[in-house]
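For the sequence shown, the numbering used here gives the first residue as 104, with consecutive numbering after it. All residues carry an ideal CB built from backbone N, CA and C; glycine is no exception.
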Amino acid sequence: MDVDGVHQFVAVDIPGLIDGAHAGKGLGDKFLRHVERTRLLIHMVDLAGLEGRDPLSDYARINSELREFSASLATRPQIVVGNKADLIEESAVDRTVARFAEIGVELHPISVATGAGVQALVRRTFARLEALREKSDAPPAPVVRRRVYRYHGETGFRIEREGEAFAVRGAEVEKLVKKLVLDSRDAWEYLSERLERMGVMRELHRLGCADGDLVRIGDVEFELRR
104 MDVDGVHQFV AVDIPGLIDG AHAGKGLGDK FLRHVERTRL LIHMVDLAGL
154 EGRDPLSDYA RINSELREFS ASLATRPQIV VGNKADLIEE SAVDRTVARF
204 AEIGVELHPI SVATGAGVQA LVRRTFARLE ALREKSDAPP APVVRRRVYR
254 YHGETGFRIE REGEAFAVRG AEVEKLVKKL VLDSRDAWEY LSERLERMGV
304 MRELHRLGCA DGDLVRIGDV EFELRR
C-alpha cells in the first residue's frame, strides 16, 4: 500500500467473518490464521447499516470471534473504520461516532466509493505501524530447529525434518496427495480432514510443527494450518 510515493506497507484483505468463525465456520479459522500474522488490524464496519445491521453490534461480534480464536488477537492494536459514510446523513455518521466513543473507541468514517477519508486512513495506518515497529525493538527469540523422525507402522507414515520443512513419507499419504487436484479450497479442506483422520496432523504438532511451518508430502508443499 503506497502512502506518499516514498513509504509503503503491506496489507492483507480478510473476508468478512461470520458467527462461529473461530470454530471454522465459513473457513473463518483459516482467515483468522492470516490475521494472526499482522501487527495491526483495520476493523471495518458498515456505517449505512444495510440489511438491518448495527455497526456497534457487528464490532462487538467480530471482537468476540477474535477473543474466542486467540488471546493475542483479542489485544492486537486496531484502527476502527466506518465505511459507506456517503450513504447516510452526516448527522447519522456523527451519532454512530458518538456511540463508539461511549465505549472508548475512536471511529474513523470513510467512503471507499467516493474516496473521502481514505488517504487520511492510509497515513494514520502507516504512522501507527511505525510506532509499533519502534516499540518492538527487542529481537525475536531464536527458533531452535530439531531434526525429528517418526514412523507409524508398515502402512503408516514417517515424518522427517528436511531443512525448514517437515517431510511426511508413506505410501498411503503420498498416494492421497498425488491423486488430489489441489486447486480449490474444498480440495485443501478435504486433504486437511484426511490428514487429521490419518493422524498426520496430530503427529506434526507433537513433533513441534507450528502454524506457518512448511510441510512437504511428495511433490506438494504447504504451510501447516490447524
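For the 8 angstroms CB-CB criterion, leucine 310 and valine 318 do not form a contact. Taking a contact to require three or more Cβ pairs closer than 8 angstroms, the segment 160-173 and the segment 193-200 do not qualify as touching.
Ranked by how close their Cα comes to the Cα of glutamate 324, the residues Ser295, Cys312, Ala270, Leu283 have Ala270 in first place.
Within a 10 Å sphere around the beta-carbon of methionine 104 sit fewer than 16 other beta-carbons, which makes this residue exposed. Looking at the DSSP output, valine 148 bridges to Gly185. With fewer than three CB-CB distances shorter than 8 angstroms, the segment 221-236 does not count as touching the segment 197-204. Within the same chain, no residue comes within 7 angstroms of lysine 238 by CB-CB distance, once the 5 residues on both sides are set aside. Across the set Val138, Tyr162, Glu263, the C-alpha of Val138 shows the shortest separation from the C-alpha of alanine 174. Taking arginine 179 as the centre and dropping the five residues before and after it, the same chain places the C-beta of Leu144 closer than 6 angstroms to its C-beta, in chain order.
Between the beta-carbon of leucine 279 and that of arginine 300 there is about 11 angstroms, and that puts the pair past the 8 angstroms contact cut. The continuous beta strand (DSSP E) containing phenylalanine 269 extends over residues 268-272. Under a 10 Å Cβ-count criterion, glutamate 265 is classified as exposed, with fewer than 16 other Cβ atoms of the shown protein chains found around its own Cβ.
The alpha-carbon separation between leucine 150 and valine 115 amounts to approximately 22 angstroms. The bridge partners DSSP lists for leucine 210 are Val183.
Between valine 215 and valine 221 the beta-carbon gap is near 7 angstroms, inside 8 angstroms, which marks them as a contact.
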